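Numbered by mature numbering (1 follows the signal peptide of the UniProt record, and there is no 0), the letters in the sequence shown go through residues -20 to -1, 1 to 342 in order.
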Amino acid sequence: MKKRMGLLLSTLFAASTLLAACGGQGGNNAGGGKDTFSVAMVTDVGGIDDKSFNQSAWEGLQKFGKDNGLEKGRGGYDYLQSSSDADYATNLNKLVRSDFDLIFGIGYLMGDAVKEVAKQNPKKHFAIVDTVVDEPNVASITFKEHEGSFLVGVVAGLMTKTNKIGFVGGMEIPLIEKFESGFRAGVKAVNPKATVEVQYAGAFDQADKGKAIASSMYASGIDIIYHAAGATGSGVFSEAKDLKKKDPNREIWVIGVDKDQAPEGEVKVGGKTYNVTLTSMVKRVDVAVYDTAKRAKEGDFPGGKTIEYGLPENGVGIAPTQDNIPENVLKTVDEWKQKIIKGEVKVPTNRKEYEQFAATIK
């Protein structure tokens, strides 16, 4: 009897030791019990040095990696850059084969590729930024870009001296129409006399097109341009800085997008430093990427769900660098921000809604 009891206790002890070994580390990880968690992203054509959307996403991923003791590369955190849309699915599949636990597709344009690869790999976890992919293993991250764009529209409407304002979009798609419509509404709300000229470059990675459009706009008397064009927007900055060098006294401005683009607006003329960045519409892609990776690592991956970031979540807004904006303008911006958060103002997301909004402005 004692011998059988001793054998039973030994067996139970061994079993409990085995269970502890299996569940002690990484039990809540998305990697199915692996000791480590790995995460990677695929950029769209703008690349991680676009000073905008992709760069913000990569910064969020880098911070997550460093905060969690991960190293860059396979088994840690990494990225693959896309040169064209033909690279999207290829790059996603490369990361699948490298066994990353969570794979991000950065940008609206990657929606179809993420959907395709996610369906082919139902046990893998994916996330898409800026659109919705209706698959159980995909977390969709979206933003209320129209709300943040409304606020920088308020800045532009109050600060224009010519009542001529420009908007340069990348591709003419519903996503960028949200930026355009919100911006135009913000301008209209505070300055009904101002006009907003809208042009699209047809690409997010063509700085030369951005520069050419900006040149035409500034030549027509436009003094503030808001761009929602990714790397194409660097051409807008380039043109504004060139004009500032020719005439340092000229008041000419760019409103940046996605991250604080004040560094992009610095220009030196005769030993003095100017900045043509009026402000930027900050879209916290870095925070969204970090949050989603954190949830996945903790075993709370939001697959099949859409997470939306707006003004209440501080997911969008105006940049913290506000050196070129007077205090009274910032106060007005905050007043409109509170109206939007309280639901007193519904910001348009498309041109039809903008026309309805504009009809209410006297």
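Just so you know, even glycine gets a beta-carbon here, dropped at the ideal spot from N, CA and C.
Bear in mind that the values here come from a model prediction, so they are computed numbers and not experimental data.
Using 8 angstroms for Cβ pairs, my map puts Tyr206 next to Ala136. What's the rounded Cβ distance? The residue labelled residue 206 in the question sits at position 226 within the sequence shown. The residue labelled residue 136 in the question sits at position 156 within the sequence shown. That belief holds up - the Cβ atoms of Tyr206 and Ala136 are roughly 6 angstroms apart, short of 8 angstroms.
Where Asn255 falls: helix, strand or coil (DSSP): In the sequence shown, counting from the first residue as 1, residue 255 sits at position 275. In the structure shown, Asn255 sits in a strand (DSSP, three-state: E or B).
What's the C-alpha gap between Asp238 and Ser32? If you number the sequence shown from 1, residue 238 lands on position 258. If you number the sequence shown from 1, residue 32 lands on position 52. Asp238 and Ser32: Cα-Cα distance of roughly 5 angstroms.
Figure out for me which residue from Val167, Glu177, Asp222, Ser218 has the closest Cα to the Cα of Ser200. As a working mapping, residue 200 is identified with position 220 in the sequence shown. It is Glu177 whose Cα lies nearest to the Cα of Ser200.
Have a look at the DSSP bridge pairing and note the partners of Tyr180. As a working note, residue 180 is residue 200 in the sequence shown. Looking at the DSSP assignment, Tyr180 forms a beta bridge with Gly149.
Determine the extent of the alpha helix (DSSP H) in which Lys46 is found, giving its start and end residues. The residue given as residue 46 occupies position 66 in the sequence shown. DSSP places Lys46 in the uninterrupted alpha helix (DSSP H) bounded by 33 to 47.
Use the C-beta contact count for Gln318: other C-beta atoms within 10 angstroms, 16 or more gives buried, fewer gives exposed. Numbered from 1 along the sequence shown, position 338 holds the residue referred to as residue 318. It counts as exposed.
Which of helix, strand or coil DSSP assigns to Ser129: Counting from one through the sequence shown, the residue named residue 129 turns up at place 149. Residue state for Ser129 is assigned as helix, using DSSP reduced to three classes.
Do Asp114 and Ser62 have their CB atoms nearer than 7 angstroms? In the sequence shown, the residue the question calls residue 114 occupies position 134. In the sequence shown, the residue the question calls residue 62 occupies position 82. Not a contact, by the Cβ cut-off of 7 angstroms.
Local Cβ density within 10 Å of Pro328, reported as buried at 16 or more and exposed below that: Against the sequence shown, residue 328 aligns to sequence position 348. Answer is buried; the Cβ neighbour count reaches 16.
If we count the other Cβ atoms within 10 Å of its Cβ and call it buried at 16 or more, is Gly250 buried or exposed? In the sequence shown, counting from the first residue as 1, residue 250 sits at position 270. Gly250 should be labelled exposed.
Where does Gly11 land, buried or exposed, given buried means 16+ other C-beta within 10 angstroms? In the sequence shown, the residue the question calls residue 11 occupies position 31. Here Gly11 scores only 40 on pLDDT, less than 50, and its place in the model should not be relied on; the value that follows carries that caveat. It is buried - the Cβ of Gly11 has at least 16 other Cβ atoms within 10 Å.
Any idea if Gln5 is buried or exposed, counting beta-carbon neighbours within 10 angstroms, 16 or more meaning buried? The sequence position of residue 5 within the sequence shown is 25, counting from 1. Note that Gln5 has pLDDT 31, beneath the 50 cutoff, so the model's placement of it is unreliable and the number below is only indicative. Exposed.
C-beta atoms of Ala107 and Tyr68 nearer than 7 angstroms: Translated into positions along the sequence shown, residue 107 becomes position 127. Translated into positions along the sequence shown, residue 68 becomes position 88. Taking 7 angstroms as the Cβ cut-off, Ala107 and Tyr68 do not qualify as a contacting pair.
Quick check: what's the CA-CA separation for Ser36 versus Gly49? As a position in the sequence shown, residue 36 is number 56, starting the count at 1. As a position in the sequence shown, residue 49 is number 69, starting the count at 1. When rounded, the distance between both Cα atoms is 20 angstroms.
Among Val118, Pro102, Ala194, which residue has its Cα nearest to the Cα of Lys144? By 1-based counting over the sequence shown, the position of residue 144 is 164. Distances from the CA of Lys144 to each of Val118, Pro102, Ala194 were compared; the closest alpha carbon is that of Ala194.
What first and last residue would you give for the alpha helix (DSSP H) that runs through residue 355? Nothing about residue 355 can be reported from this structure: the residues present for the chain run from -20 to 342 only.
Starting from the Cα of Asn304, find the closest Cα among Gly149, Met151, Ala187, Ile204 and give me that residue. If you number the sequence shown from 1, residue 304 lands on position 324. For the residues Gly149, Met151, Ala187, Ile204, the minimum Cα distance to Asn304 belongs to Ile204.
According to DSSP, is Phe17 part of a helix, a strand, or is it coil? In the sequence shown, counting from the first residue as 1, residue 17 sits at position 37. DSSP places Phe17 in coil when its eight states are reduced to three.
Kindly indicate which three-state DSSP category Ser75 falls into: helix, strand or coil? Stepping through the sequence shown from its first residue, residue 75 is reached at position 95. Checking the displayed sequence, the identity of residue 75 turns out to be Leu instead of Ser. Looking at Leu75 - three-state DSSP - the assignment turns out to be helix.
For the candidate residues Lys285, Asp110, Val132, His126, whose alpha-carbon lies nearest to that of Val313? In the sequence shown, residue 313 corresponds to position 333, counting from 1. Ranking Lys285, Asp110, Val132, His126 by Cα distance to Val313 puts Val132 first.
Restricting to Cα atoms, I'd like to know which of Ala119, Val265, Glu96, Tyr334 is closest to Ile28. Within the sequence shown, residue 28 is the residue found at index 48, counting from 1. When only C-alpha atoms are compared, the closest one is Val265.
Considering only C-alpha positions, which residue in the set Pro282, Met261, Val325 is nearest to Asn294? Along the sequence shown, read from residue 1 onward, the residue named residue 294 stands at position 314. The option with the nearest alpha carbon to Asn294 is Met261.
Is DSSP giving Asp303 helix, strand or coil here? In the sequence shown, residue 303 corresponds to position 323, counting from 1. DSSP places Asp303 in the coil class of the three-state scheme, outside both helix and strand.
State the CB to CB distance for the pair Phe161 and Asp81, rounded to an integer number of angstroms; the pair is presumed to be in contact (CB under 8 angstroms). In the sequence shown, the residue the question calls residue 161 occupies position 181. In the sequence shown, the residue the question calls residue 81 occupies position 101. The question names Phe, but residue 161 in the sequence shown is Ser. Actually they are not in contact, since the Cβ atoms of Ser161 and Asp81 sit about 37 angstroms apart, beyond 8 angstroms.
With a cut-off of 8 angstroms on the beta carbons, I'd call Gln241 and Thr257 a contact; round off their distance for me. If you number the sequence shown from 1, residue 241 lands on position 261. If you number the sequence shown from 1, residue 257 lands on position 277. Contact holds; Cβ gap of about 6 angstroms.
Three-state secondary structure (DSSP) of Asp65: As a first step, residue 65 is located in the sequence shown; it is residue number 85 there, counting from the start. Asp65 falls in the coil class under three-state DSSP.
Taking buried to mean at least 16 other C-beta atoms within 10 Å of its own C-beta, is Ala339 buried or exposed? Along the sequence shown, read from residue 1 onward, the residue named residue 339 stands at position 359. Answer is exposed; the Cβ neighbour count stays below 16.
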